[in-house]
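Worksheet: the structure to be examined is printed underneath.
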Amino acid sequence: MTQQPTFEQLKLSPLVQRAITDLGFVQPTPIQAQVLHFTLAGHDAIGRAQTGTGKTAAFLITIINDLLNKPAAPERYIGETRALVLAPTRELALQIAKDAEQLAKYSGLRIVTLVGGMDYDKQKQQLYADYVDIIVATPGRLIDFVDQQAIYLDQLEVLVIDEADRLLDMGFIPAIKKIVRHCPPKTHRQSLFFSATFNQDVLNLADQWLYQPVKVEIEPEQVTNETVQQVVYIVSTEQKYDLLYNLIQLDNFERVMVFANRRDQVRNLADILKRHHISCAVLSGEVPQEKRVKTLESFRAGKVRVLVATDVAGRGIHIDDVSHVINFTLPEHTDDYVHRIGRTGRGGATGVSISFACEDDAFLIPNLEAAIGRKLDCTHPPEQLLKKAR
1 MTQQPTFEQL
11 KLSPLVQRAI
21 TDLGFVQPTP
31 IQAQVLHFTL
41 AGHDAIGRAQ
51 TGTGKTAAFL
61 ITIINDLLNK
71 PAAPERYIGE
81 TRALVLAPTR
91 ELALQIAKDA
101 EQLAKYSGLR
111 IVTLVGGMDY
121 DKQKQQLYAD
131 YVDIIVATPG
141 RLIDFVDQQA
151 IYLDQLEVLV
161 IDEADRLLDM
171 GFIPAIKKIV
181 RHCPPKTHRQ
191 SLFFSATFNQ
201 DVLNLADQWL
211 YQPVKVEIEP
221 EQVTNETVQQ
231 VVYIVSTEQK
241 YDLLYNLIQL
251 DNFERVMVFA
261 NRRDQVRNLA
271 DILKRHHISC
281 AVLSGEVPQE
291 KRVKTLESFR
301 AGKVRVLVAT
311 DVAGRGIHID
321 DVSHVINFTL
331 PEHTDDYVHR
341 IGRTGRGGAT
351 GVSISFACED
361 DAFLIPNLEA
371 AIGRKLDCTH
381 PPEQLLKKAR
């Protein structure tokens with residue numbers, strides 16, 4: 001068995017290495033170990049990896065190390081960035097920026113986040129306050145800045161496209177094509193492209209945007225984490241809320257994420273939980289961005305015990321110590337199930353995922369089992385968990 005390399009052996013800039021040491025990282029994750037060897041040498045790369053595998057740190061370490069090794073041109077312009085990371089959702093973009101700040105702690109590099117749903121003028125002020133090195137953006141908002149000629153991408157050194165399959169699903173590809181046309185040609189920039197799946201559409205895009213890329217695929221040992229216990233309770237639609245309420249009353253349900261498929265379901269659930277004096281908050285696409293950020297911080301800090309969310313919160317949000325994930329409704333897409341339950345059992349901790357299956361959605365179980373490669377434990381809940389919520 002070959003010895004895993006350490007970050008020290010990658011001969012990174014001391015300023016990057018110091019930040020990595022502060023974060024307590026010693027050995028790269030499998031995708032970091034495979035991809036960094038090539039990306040640090042300047043190669044383009046296409047990587048297939050699930051969320052939670054360390055791909056964000058892989059591309060951020062590459063960017064920060066590269067920008068430190070090649071100092072900025074003496075003559076720079078405001079609104080001109082050296083690196084760009086594109087992400088499909090505001091939550092993911094904000095999380096990437098947060099990780100970037102930690103890894104760039106000693107580098108003196110300036111990071112700006114441009115996402116929709118937040119004040120455009122405030123973001124423009126932030127962008128124009130000083131030279132910018134790294135922009136993390138959602139495609140729609142970045143296009144706003146490009147169209148206003150408030151941002152220039154012609155000197156871009158590194159382009160990262162994260163969760164390409166999700167960007168495709170959300171219809172962002174025309175916007176990204178427009179953005180890429182404003183960047184230097186692919187032979188004159190480094191491009192890194194990450195996706196949870198490699199379908200033909202994703203591979204065609206990689207072919208257009210990457211130059212002789214190295215291909216790295218990390219097969220998850222298991223699609224879902226072994227540290228997450230997965231249970232499915234077979235119930236009627238009428239029993240679902242009572243079951244949820246009684247589960248939340250149990251002592252070990254300390255920090256809980258409850259997922260439903262639709263915004264109205266999430267809203268209604270949160271209203272009923274509040275009426276039962278349960279500390280909860282909502283995370284969905286209709287919640288204004290600034291409020292979403294505050295909600296996440298409150299949940300992280302333990303001020304809110306239950307977060308009721310749509311799948312907008314299933315991806316790209318890293319919250320440690322989520323004790324339980326409850327799927328109030330089963331997701332229609334198997335990858336949403338994987339992302340939902342991946343919110344618990346992070347960093348080697350144990351977690352529990354409980355899904356409610358009723359006459360409306362139990363037919364989805366075989367698809368979920370096929371996707372995760374294992375049988376789900378389907379059972380009826382104990383009688384005491386079905387008593388009427390008071």
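Everything in the sequence shown is counted per full-length UniProt numbering, starting at 1 for the first residue and increasing by one.
Glycine included, every Cβ here is placed at the ideal spot set by N, Cα and C.
The model shown is predicted, which means the values in this text are computed figures rather than measured ones.
Residue range of the beta strand (DSSP E) that includes residue i
i      : result
Gly351 : Gly351 to Ala357
His324 : His324 to Asn327
Val258 : Val256 to Phe259
Asp377 : Asp377 to Thr379
Cα-Cα separation, residue i to residue j
i           : j      : result
Lys124      : Gly140 : 15 Å
Ala62       : Asn327 : Looking at the sequence provided, one finds Thr at residue 62 rather than Ala. Distance between the alpha carbons of Thr62 and Asn327 is about 36 Å.
Ala206      : Gln230 : 35 Å
Asn65       : Gln32  : 14 Å
Glu238      : Phe363 : 18 Å
Ala93       : Asp165 : 16 Å
residue 399 : Pro381 : The requested residue 399 does not occur in the structure, where the chain is confined to residues 1 to 390.
Glu332      : Gly108 : 44 Å
Ala371      : Asp335 : 8 Å
Glu163      : Thr53  : 13 Å
Thr329      : Gly24  : 37 Å
Tyr131      : Tyr77  : 7 Å
Gln249      : Ala175 : 46 Å
Cys378      : Glu369 : 11 Å
Tyr337      : Tyr245 : 22 Å
Tyr128      : Gly79  : 6 Å
Asp119      : Glu290 : 9 Å
Leu307      : His324 : 11 Å
Ile272      : Ala260 : 14 Å
Tyr106      : Asp22  : 11 Å
Ala301      : Gln9   : 36 Å
Lys70       : Pro28  : 24 Å
Val136      : Leu153 : 13 Å
Cys280      : Asp311 : 17 Å
Val256      : Ser355 : 13 Å
His339      : Glu297 : 20 Å
residue 391 : Gln148 : With the chain running from 1 to 390 in the structure shown, residue 391 is simply not present.
Gly81       : Thr187 : Just to set this straight, residue 81 is Thr in the shown sequence, not Gly. Between Thr81 and Thr187, the C-alpha separation is close to 18 Å.
Leu386      : Tyr241 : 9 Å
Val115      : Pro14  : 31 Å
Residues bridged to residue i (per DSSP)
i      : result
Phe193 : Ile46 and Ile161
Gln229 : Val352
Val216 : Gly47
Cys183 : Answer is none; Cys183 lacks a bridge partner.
Leu283 : Ala309
Ile111 : Ile134
Ile272 : Paired residue(s): none; Ile272 is not in a bridge.
Ile234 : Ala357
Residue burial classification, residue i (beta-carbon count within 10 angstroms, cutoff 16)
i           : result
Gln222      : Because the pLDDT at Gln222 is just 49, under 50, the model does not fix this residue reliably, and the value given afterwards should be weighed accordingly. Exposed, because fewer than 16 other Cβ atoms sit within 10 Å of the Cβ of Gln222.
Arg390      : exposed
Gly342      : buried
Ser195      : buried
Ile218      : buried
Gly373      : exposed
residue 391 : The structure shown has nothing for residue 391, since the chain only spans 1 to 390.
Pro288      : exposed
Ser236      : exposed
Lys55       : buried
Ala41       : exposed
Thr113      : buried
Asp44       : buried
Tyr233      : buried
Thr350      : exposed
Lys11       : exposed
Ala49       : buried
Gln95       : buried
Pro74       : exposed
Asp133      : buried
Val146      : buried
Val202      : buried
Residue i, enclosing alpha helix (DSSP H) - first and last residue
i      : result
Leu153 : That residue, Leu153, is in no alpha helix (DSSP H); it is neither H nor E in DSSP.
Glu369 : Ile365 to Ile372
Thr334 : Thr334 to Ile341
Ala206 : Gln200 to Trp209
Gln125 : Tyr120 to Tyr128
Asp321 : Taken as a continuous stretch (DSSP letters only), Asp321 belongs to no alpha helix (DSSP H), as it is neither H nor E.
Asn252 : Element bounds for Asn252: n/a, residue is neither H nor E.
Quiz prompt | Segments of 3+ residues assigned as beta strand (DSSP E) that fall wholly inside the region 11 to 90 | solution = 45 to 48 and 83 to 86
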